[in-house]
Each structure stands twice: as C-alpha cells, then as structure tokens.
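**Q** Counting from 735, one number per residue, gives the positions in the sequence shown under our numbering.
From the three backbone atoms N, C-alpha and C, an ideal C-beta is built for every residue, glycine too.
Got a structure here, written out as structure tokens. Questions coming.
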Amino acid sequence: MKNCIKDLRKANKLSQTELADAVGTTRQTITSIEVGKYTASLGLAYRIAHYFNLTIEEVFDFTSLEEDE
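Quick look at the structure:
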C-alpha cells in the first residue's frame, strides 16, 4: 500500500528509529511500511497518522484497495 510516511518523516527531520519509538513499533516495521512490503495494522496506521496530526487517509493511499473490489 502506498503511503507518504517517508516524506512526512523527512519533513519533520525524524529518523525511522525515532518514528518507530514514538508510535510503539520497530525501525524494521517502519522501513517495511515505507517501501510497501508490509501493510500497517489499523492500530499502527492510526498511531502514525495521529503522530503527524493527519487522518489515516492522508497518510495511506487506499485507491489500490478500492480497485480490487
């Protein structure tokens, strides 16, 4: 699933480790989400979006999921 986590992280001058610590996950998970190898759980997606004061839809691109329906 596409997302803008890497752009948000860089705009806020955060490392993957810093973001991971802030949202309660690992750096490896953040890396995997950024490159699209892993889809965040709803809870983690919420925590990431909330961290940046955004909605889940502003961080994650759901259009590919809608096309599969």
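For Leu742, report the span of its alpha helix (DSSP H) as first-last.
**A** Per DSSP, Leu742 belongs to the alpha helix (DSSP H) from Ile739 to Ala745.
**Q** Leaving out the 5 sequence neighbours to the left and right, which residues in its chain are closer than 6 angstroms to Lys736 when beta-carbon positions are compared?
**A** Contacts found: Asp795.
**Q** Figure out for me which residue from Val769, Ile790 and Lys771 has the closest Cα to the Cα of Gly777.
**A** Of the candidates Val769, Ile790 and Lys771, the one whose C-alpha sits nearest the C-alpha of Gly777 is Ile790.
**Q** Can you list, in chain order, the residues of its chain with a C-beta nearer than 8 angstroms to that of Gln750? Leave out the 5 residues immediately preceding and following it.
**A** Result list for Gln750: Arg743, Arg761, Ile764, Thr765 and Glu768, in chain order.
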